[in-house]
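Trainee:
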Amino acid sequence: MAKQQTPVAKNDYYDVTFTDLTHDGLGVAKVDGFPLFVKNALPGERAKVKVIKVKKGYGYGRLIELYEPSPDRIKPPCPVYRQCGGCQLQHLSYEGQLKAKEKQVKEVLARIGKLEHVTVHPVIGMKNPWRYRNKAQVPVGEREGGLVAGFYKERSHEIIDMDACLIQQEKNDIVVQAVKRIAARYGVPPYDELTHRGVLRHIVARYGAATGEVMVVLVTRTDHLPHKQEIVRDIIRAIPDVKSIVQNINPERTNVIFGANARVLWGSEFITDRIGDIQFAISARSFYQVNPEQTKVLYDKALEYAELTGTETVMDAYCGIGTISLFLAKKAKHVYGVEIVPEAIEDAKRNAELNGIKNVTFEVGAAEDVIPRWYQEGVRADCLVVDPPRKGCDATLLETIIAMKPPRVVYVSCNPATLARDLRILEDGGYETIEVQPVDMFPHTAHVECVSQIVLRKN
Numbered sequence: 001m002a003k004q005q006t007p008v009a010k011n012d013y014y015d016v017t018f019t020d021l022t023h024d025g026l027g028v029a030k031v032d033g034f035p036l037f038v039k040n041a042l043p044g045e046r047a048k049v050k051v052i053k054v055k056k057g058y059g060y061g062r063l064i065e066l067y068e069p070s071p072d073r074i075k076p077p078c079p080v081y082r083q084c085g086g087c088q089l090q091h092l093s094y095e096g097q098l099k100a101k102e103k104q105v106k107e108v109l110a111r112i113g114k115l116e117h118v119t120v121h122p123v124i125g126m127k128n129p130w131r132y133r134n135k136a137q138v139p140v141g142e143r144e145g146g147l148v149a150g151f152y153k154e155r156s157h158e159i160i161d162m163d164a165c166l167i168q169q170e171k172n173d174i175v176v177q178a179v180k181r182i183a184a185r186y187g188v189p190p191y192d193e194l195t196h197r198g199v200l201r202h203i204v205a206r207y208g209a210a211t212g213e214v215m216v217v218l219v220t221r222t223d224h225l226p227h228k229q230e231i232v233r234d235i236i237r238a239i240p241d242v243k244s245i246v247q248n249i250n251p252e253r254t255n256v257i258f259g260a261n262a263r264v265l266w267g268s269e270f271i272t273d274r275i276g277d278i279q280f281a282i283s284a285r286s287f288y289q290v291n292p293e294q295t296k297v298l299y300d301k302a303l304e305y306a307e308l309t310g311t312e313t314v315m316d317a318y319c320g321i322g323t324i325s326l327f328l329a330k331k332a333k334h335v336y337g338v339e340i341v342p343e344a345i346e347d348a349k350r351n352a353e354l355n356g357i358k359n360v361t362f363e364v365g366a367a368e369d370v371i372p373r374w375y376q377e378g379v380r381a382d383c384l385v386v387d388p389p390r391k392g393c394d395a396t397l398l399e400t401i402i403a404m405k406p407p408r409v410v411y412v413s414c415n416p417a418t419l420a421r422d423l424r425i426l427e428d429g430g431y432e433t434i435e436v437q438p439v440d441m442f443p444h445t446a447h448v449e450c451v452s453q454i455v456l457r458k459n
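Residues in the sequence shown are numbered consecutively from 1, following the UniProt record's numbering.
(1) In whole angstroms, give me the CA-to-CA distance for R285 and N355.
(2) According to DSSP, is R46 helix, strand or coil?
(3) Sorted by chain position, which residues of the same chain lie with C-beta nearer than 6 Å to N172's C-beta, five sequence neighbours on each side aside?
(4) With 16 as the cutoff for other CB atoms within 10 Å, does I275 come out buried or exposed?
(5) For D24, count neighbouring C-beta atoms within 10 Å of its own C-beta (all shown protein chains included) and say buried if the count is 16 or more, exposed if not.
(6) Since V436 contacts C414 with CB under 8 Å, what's their CB separation in whole angstroms?
(7) Are the stretch 314 to 325 and the stretch 158 to 170 in contact at 8 Å, needing three or more beta carbon pairs?
(8) With H, G and I counted as helix, E and B as strand and the rest as coil, what does DSSP make of V386?
(9) Output the distance between the C-alpha atoms of I167 and R133, rounded to the nearest integer angstrom.
(10) Identify, in the order they occur along the chain, each residue of the same chain with its Cβ nearer than 8 Å to the Cβ of M1, setting aside the five sequence neighbours on each side.
(11) Three Cβ pairs or more, each shorter than 8 Å: is that satisfied between the stretch 423 to 432 and the stretch 393 to 405?
(12) Exposed or buried, which one is R408 when buried takes at least 16 other CB atoms within 10 Å?
(13) Tell me the rounded alpha-carbon separation between P292 and G429.
(14) Within its chain, find whatever has a CB closer than 8 Å to the CB of R457; leave out the 5 residues flanking it on each side and keep chain order.
(15) Specify, as a first and last residue, the run of the beta strand (DSSP E) that P139 falls within.
(16) Only counting runs of 3 or more residues, tell me where the beta strand (DSSP E) segments fall wholly within the stretch 142 to 188, in order along the chain.
(17) In the DSSP output, which residue or residues are listed as bridge partners for W130?
(18) Can you tell me where the beta strand (DSSP E) with P35 in it begins and where it stops?
(19) Can you find the residues in the same chain that come closer than 7 Å, C-beta to C-beta, to V217, ignoring five residues on each side of it along the sequence?
(20) Among the residues of its own chain, which have a CB less than 7 Å from the CB of T22, if the five just before and after it don't count?
(21) Given a threshold of 16 other Cβ atoms within 10 Å of its Cβ, counted over all protein chains shown, does R155 qualify as buried or as exposed?
(22) Can you check whether the CB of H196 is closer than 8 Å to the CB of V140?
(23) Sort Y94, V120 and A9 by Cα distance to K106 and report the nearest one.
(24) For V264 versus S244, is the C-beta distance shorter than 8 Å?
(25) Who are H202's beta bridge partners in DSSP?
(26) Using DSSP with H/G/I as helix, E/B as strand and the rest coil, what is M1?
(27) Select from P69, E170, R233 and L384 the residue whose C-alpha is nearest the C-alpha of G44.
(28) In the DSSP assignment, what residue or residues form a beta bridge with Y81?
(29) I'd like to check one pair, V412 with A302: are the Cβ atoms closer than 8 Å?
(30) For A329, which residues from the same chain have a beta carbon less than 7 Å from its beta carbon, with the 5 sequence-adjacent residues on both sides left out?
(31) Out of D273, A178 and K333, which one is the CA nearest neighbour of T313?
(32) Nearest by alpha-carbon distance to Y152: which of E193, G113 and R185 is it?
(33) Apart from the five residues just before and just after Q279, which ones in its own chain have a Cβ nearer than 8 Å to its Cβ?
(34) Quick one: is K180 buried, meaning 16 or more other Cβ sit within 10 Å of its Cβ, or exposed?
(35) Is it buried or exposed for P79, if we count other Cβ within 10 angstroms and need 16 for buried?
(36) Given G259, which residues of its chain have a CB within under 8 Å of its CB, disregarding the five upstream and five downstream residues?
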């Protein structure tokens with residue numbers, strides 16, 4: 001069978017006009033109806049592009065010459081923005097980013113969910129959209145006999161050596177710089193992915209923005225960390241706010257950062273942080289929102305949508321370490337939280353205790369298994385909150401929600417496409433989506449979070 005011809009060929013050049021951005025921040029242009037995706041391009045721009053890859057229904061291009069730049073185009077402040085894969089939108093003004101994310105949410109809800117009628121509010125952005133991340137996970141490697149640490153080049157495992165990241169809390173940069181210096185001083189061998197030799201794999205820094213507490217995690221391939229006592233002493237001297245120094249051992253050939261075993265080398269097993277008036281204990285491996293300032297914005301909106309008066313029973317599916325559950329518990333009669341990761345439930349119980357919150361029940365398990373059982377046991381939810389991973393809600397859970405008929409559902413989402421799919425299923429099952437509020441949790445990246453207010457239709 002003859003190979004189907006595409007309108008473009010690899011290595012050809014075209015003059016194009018960009019019309020849109022993809023969900024991961026690439027510019028979209030069409031050549032005879034054939035979509036080309038191009039990094040660092042913005043809607044409205046005219047440019048010359050070179051085709052670098054052709055797939056069956058689309059292709060990728062490289063920006064060669066910009067004829068007409070967008071009025072929203074700015075010079076990226078980060079010197080390694082073009083190489084690093086961490087941010088996708090630094091070349092777009094912050095106001096432009098917020099508009100693009102609002103447009104994306106509206107279009108996806110209409111296209112996938114047939115929800116053109118639903119109110120989507122403007123994205124709530126940050127007053128200062130820099131230096132917001134409270135956790136850095138920095139790979140370590142070797143180059144020309146020296147230790148390097150930074151972030152991976154986009155779509156590769158080549159490390160970009162860097163000392164500052166403009167979306168990290170400055171304290172995390174200080175930790176990474178100090179540990180790099182100290183590890184080099186004592187000749188700690190950096191890990192080599194290809195040969196699976198060396199010792200230091202990752203430097204992880206965690207920072208409690210509300211408390212000022214710092215955790216340093218050294219992820220090593222081997223149990224033995226050479227010059228351990230000297231390294232710990234020098235870290236304490238270099239970082240006065242350090243409260244915890246942890247060694248995590250990961251002997252596997254894997255891209256997963258953490259191993260199963262960890263030991264506290266100095267200080268506490270936890271640092272603490274606050275979101276609003278709720279305190280959280282954070283261990284080396286705890287899942288904890290990386291932007292607490294915007295998390296508070298997101299959760300305040302979720303609380304508003306839950307419409308709690310103090311008499312309600314609430315279920316929190318995918319409850320993690322109890323962040324939303326503990327917010328809800330302050331306004332509800334009782335909150336039931338379920339999460340499949342056992343360590344997260346241990347953290348959730350610890351956090352409830354830390355805050356003296358007793359009207360919560362946490363259980364390990366899959367939401368789609370546990371929530372139907374609670375329902376069979378006679379627990380009736382006045383409000384159900386879901387905050388699923390990127391793949392969205394499990395189909396069984398959605399069926400259970402429709403069967404249980406809680407009057408209100410609050411859906412927190414990190415993926416507009418799966419949100420749209422799940423909202424359509426709930427709409428077809430007797431629910432109505434009142435409104436969607438996007439929140440910019442990760443400025444300068446293509447990600448957007450949403451919280452949705454959903455109510456049972458009155459028949």
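For each residue, glycine too, the CB sits at the ideal point set by N, CA and C.
Mentor: Taking the coordinates as given:
(1) 21 Å
(2) strand
(3) A136, A205 and Y207
(4) buried
(5) exposed
(6) At roughly 13 Å, the Cβ-Cβ gap does not stay under 8 Å, so V436 and C414 are not in contact.
(7) no
(8) strand
(9) 6 Å
(10) Note on M1: pLDDT 47, under 50, position unreliable in the model; no value is reported.
(11) yes
(12) buried
(13) 34 Å
(14) G430, Y431 and E432
(15) K135 to R143
(16) 146 to 152 and 159 to 161
(17) Answer is none; W130 lacks a bridge partner.
(18) F34 to V38
(19) V204, V246, N248 and A284
(20) V28 and F37
(21) exposed
(22) no
(23) V120
(24) yes
(25) P139 and V219
(26) With a pLDDT of only 47 at M1, under the threshold of 50, the placement of this residue in the model should not be trusted; the figure read from the coordinates follows. DSSP places M1 in coil when its eight states are reduced to three.
(27) P69
(28) Paired residues: none, contrary to the question.
(29) yes
(30) V335, I357, N359 and V360
(31) K333
(32) E193
(33) T272, D273, N351, L354 and N355
(34) buried
(35) exposed
(36) V219, N248, I249, N250, P251 and E252
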